[in-house]
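Participant:
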Ligand SMILES: Nc1ncnc2c1ncn2[C@@H]1O[C@H](COP(=O)(O)OP(=O)(O)OP(=O)(O)O)[C@@H](O)[C@H]1O
Ligand SMILES: [Mg+2]
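Chains as they are written, first to last, in UniProt numbering: chain Y, 1 to 225; chain S, 1 to 299.
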């Protein structure tokens, strides 16, 4: 669904990474690790078309990213659930409406998904925060809300950047099990994280691949975990 | 835009609308600007409709008020009328010269003497109505020729003094229409500026909406709807206030008086609802263009 072929990227200076090839297929579960500043977030942004590769080819749902119009990008994004590292929300709307945003912008009536919304918020432990505004939430609560927003529209792919960075171990297990559950139903998942324990916990439940960005290369890092 | 989609646009889309935070400042600016502009538009419209009315009335009077009067002993009237018509036929600038019938003359006199006037028994002058045309009439030349060839003829063009007034009225009317265009353009400019301000203040909101897959039309709609409704509201208030002001202008007295005649007559009032609708239309397109331009830049 998302394919990268010898992709390179730089923010104007030297290459952050190059020769990166990666294929996100239906039902796959990837972890992306690497030192801070290696380019994990950047790689995810290439996948959800926030950035365009400086060389190589990115294709999303079978279409070349370089050829896409803004509308094409929007259509692709409505099939990709993104947990952004900084967890950006519409700060004037209550959490529940923020979580429902992928539905509303795609013309779906959030009222008809009310049940899903509420059980999802309960799962990520935000039932009591549903009517609060995002700025009133803690960092961990915001991450959970961001994950809920990423999954609400039943996307084909979930790209999550440090989704468990600010939550305790028990909560990170709950969030992981949500992702595992979705993955078992066929959703492709890619999680960027530093948390090796999270990766180990996932490996115990589903078939995952771990990729590592280091020295400007993307390498497979299964064995050393 | 069909009626149904327009209705959907006004009533629905509350969701898209909510995604953009309410911005008190640009909101009240837009409402005020729309109200002020339509207030002015009402006066510009009143000016052009009034001057049009006056110009029409005056030029109608102009067209029919040049006459030649033949006053002669009963036996000579016929001959002198023929002679005068001959002179008129060969005078440049006379489009039509027509002898008024007895009935027409009677109709002219009825307001003064009542219907029972036995007109044929009175020594009335014969009237010849002149319509000017072509290169314009040399009144002095005509007067000289008539006095030489038709002793009983008097050329009367006392309404000619109105010609420059008609011209002035036409000019004023054009200025009024031009002002309307300027007002419309200024409204478009102000709404574009306000919309741009709102769009750039909401760059973050737009980014989040895009992250979850919102298309440009969806994002634009939230802004377009809100600015259109604000303009519609402001313009309705402004138009209503100006209409009241015009309705209560001290008026009447003379029909021709420009100052006392300023306003709307009868069906002309029906033009007024067009002003808020036009303001909404202008706001719709101004915001839409501003939104798509900004959204294109924000990639
Ligand atoms: N907009 C930008 N302009 C210039 N440089 C940037 C920009 N965003 C990121 N960088 C640089 O690119 C490098 C990779 O950033 P990125 O956010 O992809 O790292 P990361 O692997 O996600 O790090 P972390 O684990 O800390 O989240 C960093 O050195 C960062 O400073
Ligand atoms: Mg990062």
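We put the beta carbon where it would ideally sit given N, CA and C, even for glycine.
#1: Alpha helix (DSSP H) containing residue 51(Y): first to last residue?
#2: Just the Cα atoms here: how many angstroms apart are residue 36(S) and residue 235(S)?
#3: Candidates 173(Y), 207(Y) and 172(Y): which alpha carbon is nearest residue 189(Y)'s?
#4: Given that residue 102(Y) touches chain S, what residues does it touch there, using C-beta distances under 7 angstroms?
#5: Mind listing, in chain order, the continuous beta strand (DSSP E) runs of no fewer than 3 residues lying wholly within the stretch 140-176 of chain S?
#6: What ranges does the alpha helix (DSSP H) occupy inside the stretch 216-254 of chain S, keeping only unbroken runs of at least 4 residues that lie completely in it?
#7: At a CB distance below 7 angstroms, what residues from the stretch 15-44 of chain S approach chain Y? Give them in sequence order.
#8: Taking contact to mean 3 or more Cβ pairs, one atom from each stretch, closer than 8 angstroms, check whether the stretch 276-291 of chain S and the stretch 184-202 of chain S are in contact.
#9: Where in the stretch 7-75 of chain Y do unbroken runs of the beta strand (DSSP E), each at least 3 residues long, occur, reported from the N-terminal end onward?
#10: Residue 97(Y) to residue 87(Y), Cα distance in whole Å?
#11: From what residue to what residue does the beta strand (DSSP E) around residue 190(Y) run?
#12: Can you find the residues in the same chain that come closer than 6 angstroms, C-beta to C-beta, to residue 127(Y), ignoring five residues on each side of it along the sequence?
#13: Along the chain, where does the alpha helix (DSSP H) containing residue 211(S) start, and where does it finish?
#14: Under a CB-based cut-off of 7 angstroms, is residue 281(Y) close to chain S?
#15: Any beta carbon of chain S sitting closer than 7 angstroms to that of residue 143(Y)?
#16: For ligand 1, is there a heavy atom less than 6 angstroms away from the beta-carbon of residue 36(Y)?
#17: Measuring only the C-alpha atoms, how far is residue 134(Y) from residue 268(S)?
#18: Enumerated in chain order, which unbroken segments of the beta strand (DSSP E) with a length of 3 residues or greater are wholly contained in the stretch 45-120 of chain S?
#19: Between residue 231(S) and residue 283(S), is the Cβ-Cβ spacing less than 7 angstroms?
#20: With a threshold of 7 angstroms between beta-carbons, can residue 229(Y) be considered close to chain S, or not?
#21: Out of curiosity, what's the CA-to-CA distance linking residue 210(S) and residue 111(Y)?
#22: With a cut-off of 8 angstroms, do at least 3 Cβ pairs link the stretch 162-172 of chain Y to the stretch 129-149 of chain Y?
#23: Would residue 206(S) pass as a contact of residue 219(S) if the rule is Cβ separation under 7 angstroms?
#24: Let me confirm a value: residue 9(Y) is counted as buried when at least 16 other C-beta atoms fall within 10 Å, else exposed. Which label applies?
#25: Taking 6 angstroms as the limit between beta carbons, can you name the residues of its chain near residue 51(Y), skipping five residues before and five after?
#26: Within the present structure, is the beta-carbon of residue 40(Y) separated from the nearest heavy atom of ligand 1 by less than 6 angstroms?
#27: With DSSP as the reference, identify every bridge partner of residue 130(S), one or two as the case may be.
#28: Which of the three DSSP states, helix, strand or coil, is assigned to residue 275(S)?
#29: Apart from the five residues on each side of it in sequence, which residues of its chain come closer than 7 angstroms, Cβ to Cβ, to residue 44(S)?
#30: What does residue 224(S) touch in chain Y if you count any residue whose Cβ is under 9 angstroms from its own?
#31: Could you tell me which of 95(S), 93(S), 89(S) and 126(S) sits nearest to residue 103(S), measuring between CA atoms?
#32: Report yes if the C-beta of residue 48(Y) is less than 6 angstroms from at least one heavy atom of ligand 1; otherwise report no.
Facilitator: By the coordinates alone:
#1: No alpha helix (DSSP H) holds residue 51(Y); DSSP gives it neither H nor E.
#2: 8 angstroms
#3: 207(Y)
#4: 212 and 213
#5: 153-156
#6: 216-247
#7: 15, 18, 19 and 21
#8: yes
#9: 17-24, 29-33 and 55-60
#10: 15 angstroms
#11: 188-192
#12: 121
#13: 203-211
#14: No answer is possible for residue 281(Y): the residues shown for chain Y start at 1 and end at 225.
#15: no
#16: yes
#17: 54 angstroms
#18: 66-70 and 94-99
#19: yes
#20: Lying outside 1 to 225, the shown extent of chain Y, residue 229(Y) is not represented and no answer is given.
#21: 22 angstroms
#22: yes
#23: yes
#24: buried
#25: 45
#26: yes
#27: 66(S) and 97(S)
#28: helix
#29: 176, 179, 180 and 183
#30: In chain order: nothing, as chain Y lies at least about 16 angstroms away.
#31: 126(S)
#32: no
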